[in-house]
Amino acid sequence: MTATCARGQPLVDVFREAAGRMGSRSSAWWLVEAITGAARTDAVSDPARIVPPGECRRIAEAIARVGSGEPLQYVLGSWGFRRLDLICDRRALIPRPETETLVEVALRELSALGASAGEVPARGATVVADLGTGTGAVALSLSAESASLLAGLDVQVLATDLDSGALALARENLACLARGDPAAAARVALLEGSWYGAVPSLYEGSLSLIVSNPPYVSEMEWSELDPEVRNFEPLAALVAGPEGTEAIEEIVTGASRFLRTGGRLAVEIAPHQARTVAATAVAAGLVDVRIEKDLCGRDRVLVAGLAGVRRD
Ligand SMILES: C[S@@+](CC[C@H](N)C(=O)[O-])C[C@H]1O[C@@H](n2cnc3c(N)ncnc32)[C@H](O)[C@@H]1O
Numbered sequence: 009m010t011a012t013c014a015r016g017q018p019l020v021d022v023f024r025e026a027a028g029r030m031g032s033r034s035s036a037w038w039l040v041e042a043i044t045g046a047a048r049t050d051a052v053s054d055p056a057r058i059v060p061p062g063e064c065r066r067i068a069e070a071i072a073r074v075g076s077g078e079p080l081q082y083v084l085g086s087w088g089f090r091r092l093d094l095i096c097d098r099r100a101l102i103p104r105p106e107t108e109t110l111v112e113v114a115l116r117e118l119s120a121l122g123a124s125a126g127e128v129p130a131r132g133a134t135v136v137a138d139l140g141t142g143t144g145a146v147a148l149s150l151s152a153e154s155a156s157l158l159a160g161l162d163v164q165v166l167a168t169d170l171d172s173g174a175l176a177l178a179r180e181n182l183a184c185l186a187r188g189d190p191a192a193a194a195r196v197a198l199l200e201g202s203w204y205g206a207v208p209s210l211y212e213g214s215l216s217l218i219v220s221n222p223p224y225v226s227e228m229e230w231s232e233l234d235p236e237v238r239n240f241e242p243l244a245a246l247v248a249g250p251e252g253t254e255a256i257e258e259i260v261t262g263a264s265r266f267l268r269t270g271g272r273l274a275v276e277i278a279p280h281q282a283r284t285v286a287a288t289a290v291a292a293g294l295v296d297v298r299i300e301k302d303l304c305g306r307d308r309v310l311v312a313g314l315a316g317v318r319r320d
């Protein structure tokens, strides 16, 4: 970082300098913590701790990348999502806080299915499809969290993506999950293809939950996004088409073919799309259509279901 860096530099100075250069104390801490392994409290409890020259150099390089507009998450190479630390790079969208709400809603829907004994399949697994999995954020979280929340339900997750690069990244994240929670990882299958085209036909009429955070930006909106997003995150993960609702419509209209009776659908949307996509769900014959809000109080998740109770 500075000239003294040749001999290493005290942690507290490294942090101060990083915050000054980045113009953000929280970003500076993410970066310093990720590279040095130091906790924020170490700057107070162990202010003389020396950051070795190699780490100082890596911090300086990382600050330069962030300064050139690259998202911090890609520079760090990993990012937290719910309980997971996911590998992040340009092959897939950076998982967003809004999508943590999508997972929350999906878990609630699964939980409600579990509580409603008449709607739980008498045999076999509760199969969930995460369409457009990217890093695997949604699929891996659902598998990892459903085990404790839904004891007794054998949840299997099909995680799909059209993009082979994104799927390769999801596979790396799945391998990380397997090291900490092998049972959760074993419940996830990765499949390549376009939306329902990736889901084997044997699952028609048998999915308990379809969940998706599809691209939902219009071509026009894309040109107004932050350069940090436009220049680094995959176009195919963001833009759906001229309207922005094209992918959501495909997922909503195809849902009744793959859901079992009583099955549920949860799709992330942009707040301004709420009315349109709710109408699409009603027109597609889905029931119990509603919109859930994110933590900022904005319309964020379309929820709907397939009518009927399975009789065995
Ligand atoms: C908004 S990103 C969401 C990624 C991840 N689920 C998340 O929430 O962080 C949308 C994902 O959909 C994928 N995708 C785009 N078009 C697709 C299609 N036709 N079929 C399947 N996946 C598609 C993209 O490659 C991208 O990974």
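The sequence shown begins at 9 in the numbering used here and counts up by one.
Quick reminder that beta carbons are idealized off the backbone N, C-alpha and C, glycines included.
*What are the start and end residues of the beta strand (DSSP E) that includes E300?*
Where E300 is concerned, the enclosing beta strand (DSSP E) stretches over V295 to K301.
*Going by DSSP, name the residue or residues bridged to R15.*
Assignment of beta-bridge partners to R15 by DSSP yields no partner.
_Length of the line joining the Cα atoms of L84 and T44_ = In this structure, the CA atom of L84 is about 12 Å from the CA atom of T44.
*Ordered along the chain, which non-local residues of its own chain (more than five positions away) have a Cβ less than 7 Å from that of T284?*
Taken in chain order, the residues that qualify are T253.
*asked:* If contacts are defined as beta-carbon pairs under 8 Å, then E300 and V113 qualify, I think. What distance do you get, rounded to the angstrom?
replied: Yes, E300 and V113 are in contact; Cβ-Cβ is about 5 Å, under 8 Å.
*asked:* Please state the DSSP three-state secondary structure of D189.
replied: In this structure, D189 counts as coil in the three-state DSSP scheme.
*asked:* Using a 10 Å radius around the Cβ and a threshold of 16 neighbouring Cβ atoms, would you call E69 buried or exposed?
replied: Its Cβ having fewer than 16 others within 10 Å, E69 is exposed.
_If I measure Cβ to Cβ from Q321 and keep anything under 6 Å in the same chain, skipping five residues before and after, which residues do I get?_
Within the shown structure, residues of the chain are numbered from 9 to 320, placing residue 321 beyond reach of any answer.
*Pull up the distance between the alpha-carbon of T107 and that of F266, whole angstroms please.*
Rounded to whole angstroms, the gap between the alpha carbons of T107 and F266 is 23 Å.
_For D162 and V52, the rounded distance between their alpha carbons_ = Approximately 47 Å between the Cα atoms of the pair.
_Own chain partners of M228 with C-beta closer than 7 Å, once the 5 adjacent residues on each side are dropped_ = Scanning its chain for C-beta atoms nearer than 7 Å, with the 5 sequence neighbours on each side dropped, one finds no residue around M228.
*Work out the CA separation of P242 and R98 for me, nearest whole Å.*
Taking C-alpha positions only, R98 is separated from P242 by approximately 7 Å.
*DSSP state of E251 mapped onto helix, strand, coil*: Three-state DSSP puts E251 in coil, outside helix and strand.
*Can you tell me whether DSSP reads E127 as helix, strand or coil?*
Because the pLDDT of E127 is 45, which lies under 50, any placement of that residue in the model is unreliable, and the number read from its coordinates should be weighed accordingly. Reduced to three states, the DSSP call for E127 is helix.
*Does the Cβ of V146 lie closer than 7 Å to at least one heavy atom of ligand 1?*
The answer is yes for V146.
*Can you pull the DSSP bridge partners for I218?*
Per the DSSP secondary-structure output, I218 pairs in a beta bridge with A137 and L273.
*Is there a Cβ from chain B that is less than 8 Å from the Cβ of S34?*
Judged by its chain identifiers, the structure shown contains no chain B, having just a single protein chain.
*Compare the C-alpha of E251 against each of P235, Q17, N239 and Y224 and name the closest.*
Closest by alpha carbon: Y224.
*Mind checking whether A282 and V297 have CB atoms under 8 Å apart?*
The criterion of a C-beta distance shorter than 8 Å is not satisfied by A282 and V297.
*If I'm right that A192 touches T141 with Cβ under 8 Å, what's the distance once you round it to whole angstroms?*
No, A192 and T141 are not in contact; Cβ-Cβ is about 15 Å, not under 8 Å.
_Please classify T49 as buried or exposed, where buried requires at least 16 neighbouring CB atoms within 10 angstroms._
It is exposed - the Cβ of T49 has fewer than 16 other Cβ atoms within 10 Å.
_Is L101 near ligand 1 - that is, is its Cβ less than 7 Å away from at least one heavy atom of it?_
At least one heavy atom of ligand 1 sits closer than 7 Å to the Cβ of L101.
*What's the call for P79, buried or exposed, on a 16-neighbour Cβ count within 10 Å?*
With 16 or more other Cβ atoms within 10 Å, it is buried.
*So, helix, strand or coil for R319, using DSSP?*
Bear in mind that the predicted position of R319 carries a pLDDT of just 43, short of 50, making it unreliable; the figure below should be weighed with that in mind. Three-state result, R319: coil.
*Taking only the alpha-carbon atoms, compute the straight-line gap between G293 and A147 and give it to the nearest angstrom.*
If you take the alpha carbons of G293 and A147, they lie about 26 Å apart.
*Report the residue ranges of all alpha helix (DSSP H) runs contained in full by the stretch 139–213; include only those spanning at least 4 residues, in chain order.*
At a cut-off of 4 residues, the continuous stretches assigned as alpha helix (DSSP H) that sit fully inside the stretch 139–213 are 145–157, 172–188 and 190–194.
*asked:* For D169 and R57, I'd like the C-alpha separation in whole angstroms.
replied: Distance between the alpha carbons of D169 and R57: 45 Å.
*asked:* Quick check for students: name the residue ranges of the alpha helix (DSSP H) that lie wholly in the stretch 74–122, counting only runs of 4 or more.
replied: For the stretch 74–122, whole alpha helix (DSSP H) runs of length 4 or above, ordered along the chain, are 80–84.
*Excluding sequence positions up to five away, which residues of its chain have a Cβ less than 6 Å from the Cβ of A263?*
Non-local C-beta neighbours of A263 in its own chain, meaning closer than 6 Å and more than five positions away in sequence, comprise I218 and L273, ordered along the chain.
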